[in-house]
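Visitor:
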Amino acid sequence: MQTGCIHCGQQHLLNDEVLAKHSKVQFHCTKCGKTTIVEVKRHVDETMVISPMPSFARADAATARLSLPPADEGLSLPLDAHVVLTVTGGPDSGRREVLSKPRVIIGRKGAEFALNDPEISRHHCVLEFRDRFVNLKDLDSTNGTFLGEERVRAAVLQDGSEFRVGSSIIRLNFQSKR
């Protein structure tokens, strides 16, 4: 990591291995000789190694036991518009689908909106519709669901909203039935 002295601005290259072990690191500036303390901020989406690997994360884990959250009551597609998902980036770029159900699981093979993207989870996220109110919920995916550059656990989408799962960007649109 590169950082500057808070006193004179001299740039210093700090050892990443040292930074990984501590929440704060101090160094003496080679130019002015004064001490600077650097606080290491960790990101919520940072990769963490778990050893030994828990059984649910192993390739041989029984995926049949994975359960999806139950569908909320009161879900419905809008009566006056078609809901269209368009993949605008990633391996399935150009794919367009008109939804027929008010709850759609997005993921890899076996999901209702299945994508050929190796960076997404089998059940990555879910879209739930209450007329034109759209909830996007991440299903504890490995690589996360992003709205803009922000990783989200849940978000409310509007007409024209784009979100990213893995390397795939998906746009939501309402198209008038008339």
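For the sequence shown, this note's numbering assigns the number 1 to the initial residue and increments by one for each residue that follows. Idealized CB from N, CA, C, for every residue including glycine.
#1: Would you be able to state if there are at least three C-beta pairs under 8 Å between the region 157 to 171 and the region 114 to 128?
#2: With distances taken Cα to Cα, identify the nearest neighbour of E162 among N135, T142, R178 and K177.
#3: Applying the 10 Å Cβ sphere with the 16-neighbour rule, what's the burial state of V126?
#4: Return helix, strand or coil for K101, following the three-state DSSP convention.
#5: How far does the beta strand (DSSP E) with A155 in it extend, from its first residue to its last?
#6: Since L85 and L172 should fall inside the 8 Å C-beta cutoff, what is the C-beta to C-beta distance between them, to a whole number of angstroms?
#7: Could you check what DSSP says for A64 in three-state terms: helix, strand or coil?
#8: From which residue to which residue does the beta strand (DSSP E) around E73 run?
Guide: Quick answer:
#1: yes
#2: As a working note, residue 162 is residue 162 in the sequence shown. E162 has its Cα closest to that of N135, out of N135, T142, R178 and K177.
#3: Numbered from its first residue, the sequence shown carries residue 126 at position 126. Counting Cβ neighbours within 10 Å, V126 comes out buried, since at least 16 surround it.
#4: Taking the first residue of the sequence shown as 1, we reach residue 101 at position 101. Three-state result, K101: coil.
#5: Against the sequence shown, residue 155 aligns to sequence position 155. Where A155 is concerned, the enclosing beta strand (DSSP E) stretches over A154 to L157.
#6: Position 85 of the sequence shown, counted from the first residue, corresponds to residue 85. Position 172 of the sequence shown, counted from the first residue, corresponds to residue 172. Confirmed, Cβ separation roughly 6 Å.
#7: The sequence position of residue 64 within the sequence shown is 64, counting from 1. Reliability of the predicted coordinates at A64 is poor, the pLDDT of 45 falling under 50, and the value obtained from them is presented with this limitation in mind. A64: helix per DSSP, three-state reduction.
#8: Here residue 73 is taken as the residue at index 73 of the sequence shown, counted from 1. Taken as a continuous stretch (DSSP letters only), E73 belongs to no beta strand (DSSP E), as it is neither H nor E.
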